[in-house]
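Q:
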Amino acid sequence: MGREIYAVANWKMYKTAREATDYVEKLSPKIQYCKTNVYLAVPFTSIFSVSAFAKETCLSVGAQNMSDAKEGAFTGEVASFMLKEAGASFVLLGHSERRVLFGETNECIHRKVLRALQDDIRPILCIGETKKERDESRTEEVIEEEIVVALSEIPKEDAARLILAYEPVWAIGTGAVPTSSMIEKAHAYCRTVLGKLFGQKTAEKIPILYGGSVKPSNVESIVSLKDVDGVLVGGASLDPEIFSQIVMECERIERK
Ligand code: PGA
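Structure representation (structure tokens):
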């Protein structure tokens, strides 16, 4: 039995709560009978309303970040148990915009992964190399370090709840998509690293998504690649019509 397919929308800092429910109203009838796992990573302010609305649908709602602390005097932060109560079932962690613009380190992301698992929120760990790192042939070294540090000390039984998203930083929001062989190589390497951490059998169960300039016209060729279990979509997820086309392309793919 092959791994399931995921289409994850990352709205970034777009859409008010009202715009978010309008979006779900438009998207949900289009994807009603899908077997693809459709996840929406929405701004904090929309989690509650969207998850209430999405209850009757096959959508899962999540956050794009969370605090690494349990609770406390951390002005402006949001804790994972708060997300859970608001209706989030997953959280994006370590997105390159968090790493680059907000200084998140692998160690901080590691603490967030542990915290999310403790509070029963499914972490989607984002990793990927910059253009410079790829040009210096350091892609494998960089993604290995990101995975190993973020996922150390995670018990094997929790590992199957993880999702990994390989997002080359140079492909995010640029329209530049890596070649199929680059994607396959990076995903195979991610799975090898997961195998070293958790054993091959568990590594085989962890979905590895691709992210970076995904659109309806390239999703089928990407998700058909070996070791690619779906997509994480930024810009092309903001319009429910376009995102539903991406989900429909995922539906057409027969799992090997
Ligand atoms: P993009 O963003 O699809 O707009 O390239 C992907 C992401 O940031 O997760």
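Under my numbering, the first residue of the sequence shown carries the number 6, and numbering increases by one thereafter. Using N, Cα and C, we set each Cβ at its ideal position, and we do this for glycine too.
1) For the ligand PGA, I want to know if Thr68 counts as a neighbour, meaning its beta carbon is within less than 7 Å of at least one of the ligand's heavy atoms.
2) Once the 5 residues before and after Cys195 are set aside, which same chain residues still bring their CB inside 7 Å of it?
3) On a CA-only basis, which of Leu230, Gly239, Gln205, Ser229 is nearest Lys220? Give me that one, please.
4) Between which residues of its own chain and Ser51 is the CB-CB distance below 6 Å, once the five residues before and five after are set aside?
5) May I ask you to report which of helix, strand or coil DSSP gives Phe79?
6) Please name the residue or residues paired with Cys131 in a DSSP beta bridge.
7) In the structure shown, what three-state DSSP assignment does Asn42 receive?
8) Go ahead and pull the three-state DSSP assignment for Ala164.
9) Over the uninterrupted alpha helix (DSSP H) stretch that includes Ile213, give me the two end residues.
10) Which partner residues of Tyr28 appear in the DSSP bridge assignment?
11) Going by beta carbon distance, what residues of the same chain come within less than 6 Å of Trp16, once the five residues before and after it are set aside?
12) Going straight from the alpha carbon of Met187 to that of Ala121, what length do you get?
13) Our contact map puts Ala12 next to Gly235 with C-beta atoms below 8 Å; I'd like the distance itself, whole angstroms only.
14) Please give me, in chain order, every unbroken run of the beta strand (DSSP E) with length at least 3 that falls completely inside the region 189 to 256.
15) Along the chain, where does the alpha helix (DSSP H) containing Ala68 start, and where does it finish?
16) Since Asn15 sits in a beta bridge, which residues does DSSP pair it with?
17) Starting from Leu98, follow the beta strand (DSSP E) in both directions and report where the run begins and ends.
18) Give the C-beta separation of Ser165 and Ile211 to the nearest angstrom, bearing in mind that I take them to be a contact with Cβ-Cβ under 8 Å.
19) Out of Ala176, Cys39, Gln205, Asn70, state which residue places its alpha-carbon closest to the alpha-carbon of His100.
20) Helix or strand or just coil, what does DSSP make of Met71?
21) Is there at least one non-hydrogen atom of the ligand PGA closer than 7 Å to the beta-carbon of Ile177?
22) Just how far apart, CA to CA, sit Glu134 and Val105?
23) Would you check if the distance between the CB atom of Ser65 and the CB atom of Ala84 is smaller than 8 Å?
24) If you count every other CB in all the chains shown that lies within 10 Å of the CB of Ala59, and 16 or more means buried, which is it?
A: This is what the structure gives:
1) In the sequence shown, residue 68 corresponds to position 63, counting from 1. The displayed chain sequence assigns Ala, not Thr, to residue 68. No, the beta carbon of Ala68 sits no closer than 7 Å to any heavy atom of the ligand PGA.
2) Against the sequence shown, residue 195 aligns to sequence position 190. Answer for Cys195: Ile148, Ile152, Leu169, Tyr171, Ile213, listed in chain order.
3) Numbered from its first residue, the sequence shown carries residue 220 at position 215. Looking at the Cα atoms, Gly239 is the closest of the given residues.
4) For the purposes of this step, residue 51 is identified with residue 46 of the sequence shown, where counting begins at 1. Counting only Cβ-Cβ distances below 6 Å, and skipping sequence neighbours, we find Ala22, Ala25.
5) Counted from its first residue, the sequence shown places residue 79 at position 74. Reduced to three states, the DSSP call for Phe79 is coil.
6) Taking the first residue of the sequence shown as position 1, residue 131 is located at position 126. Beta-bridge pairing links Cys131 to Ala170.
7) Numbered from its first residue, the sequence shown carries residue 42 at position 37. In this structure, Asn42 counts as strand in the three-state DSSP scheme.
8) Translated into the one-based positions of the sequence shown, residue 164 becomes position 159. Residue state, collapsed to three classes: helix.
9) Taking the sequence shown and counting its residues from 1, the one referred to as residue 213 is at position 208. Ile213 -> not in any alpha helix (DSSP H); beta strand (DSSP E) instead, spanning 213 to 216.
10) In the sequence shown, counting from the first residue as 1, residue 28 sits at position 23. Partner(s): none; Tyr28 has no beta bridge.
11) Walking along the sequence shown from the start, residue 16 turns up at place 11. So the list reads Val47, once near-sequence residues are dropped.
12) The residue labelled residue 187 in the question sits at position 182 within the sequence shown. The residue labelled residue 121 in the question sits at position 116 within the sequence shown. Going from the Cα of Met187 to the Cα of Ala121 covers about 30 Å.
13) Locating residue 12 in the sequence shown gives position 7, where the first residue counts as 1. Locating residue 235 in the sequence shown gives position 230, where the first residue counts as 1. With a Cβ gap of about 6 Å, Ala12 and Gly235 count as contacting.
14) 213 to 216, 235 to 238
15) Taking the first residue of the sequence shown as 1, we reach residue 68 at position 63. Ala68 -> not in any alpha helix (DSSP H); beta strand (DSSP E) instead, spanning 64 to 68.
16) For the purposes of this step, residue 15 is taken as residue 10 along the sequence shown, with counting starting at 1. According to DSSP, Asn15 bridges with Ala46.
17) In the sequence shown, the residue the question calls residue 98 occupies position 93. Residues 95 to 98.
18) In the sequence shown, residue 165 corresponds to position 160, counting from 1. In the sequence shown, residue 211 corresponds to position 206, counting from 1. The amino acid occupying residue 165 in the given sequence is Ala; Ser does not appear at that position. Yes, they are in contact, since the Cβ atoms of Ala165 and Ile211 sit about 7 Å apart, within 8 Å.
19) Residue numbering aside, residue 100 sits at position 95 when the sequence shown is read from its first letter. Nearest of Ala176, Cys39, Gln205, Asn70 to His100, Cα basis: Asn70.
20) On the sequence shown, residue 71 is found 66 positions in, with the first residue counted as 1. Looking at Met71 - three-state DSSP - the assignment turns out to be coil, as it is neither helix nor strand.
21) As a working mapping, residue 177 is identified with position 172 in the sequence shown. Checking the Cβ of Ile177 against the ligand PGA gives yes.
22) Locating residue 134 in the sequence shown gives position 129, counting from the first residue. Locating residue 105 in the sequence shown gives position 100, counting from the first residue. In a straight line, the C-alpha of Glu134 is about 12 Å away from that of Val105.
23) Within the sequence shown, numbered from 1, the residue matching residue 65 stands at position 60. Within the sequence shown, numbered from 1, the residue matching residue 84 stands at position 79. Not closer than 8 Å, so no.
24) What you label residue 59 is simply residue 54 of the sequence shown in a count that begins at 1. Buried.
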